[in-house]
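The sequence shown begins at 7 in my numbering and counts up by one. A short write-up of the structure that comes next.
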Amino acid sequence: MAIILANKVKSPDDASYYLDDDWDFAGFYYAGYGMFSSGLSVGLTNIASGVSVGIAGSSCAIGDAQDPSLFVKVLIVEIFASALGIFGIIVGIIQSNSCNFPIAPLE
């Protein structure tokens, strides 16, 4: 996700310390907050995925040790728990598609 977000940042054509008043500052804010929200959603869903895999994995390991015929059911539970992270990455990519920084002043 960091590679996708890093490729979205472009330097302005007229790079100076201060930008003139004819720049689209709302576009900068929109792109910045969009990148922040996509990174935050990916991070939080991956934390939730890691916690759920840890909790489910602990319980499933105990259940599998008691009854080895539960292995396939345990595997399905682990796959569902890890799918949360994949869904978070998909949502982050969709959110970051609208983040485009202005590179030239408004006309």
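Cβ atoms here follow ideal geometry from the backbone N, Cα and C, with glycine treated the same way.
With fewer than 16 other beta carbons inside 10 angstroms of its own, S65 counts as exposed. Just so you know, the alpha carbons of F107 and D70 end up roughly 51 Å apart. Counted as a single uninterrupted DSSP element, the stretch harbouring Y24 is not any alpha helix (DSSP H), since DSSP gives it neither H nor E. I99 and I10 have their C-alpha atoms some 8 Å from each other.
Remark: C-beta atoms of I82 and V48 do not approach each other more closely than 8 Å. DSSP places N52 in the uninterrupted alpha helix (DSSP H) bounded by 31-72.
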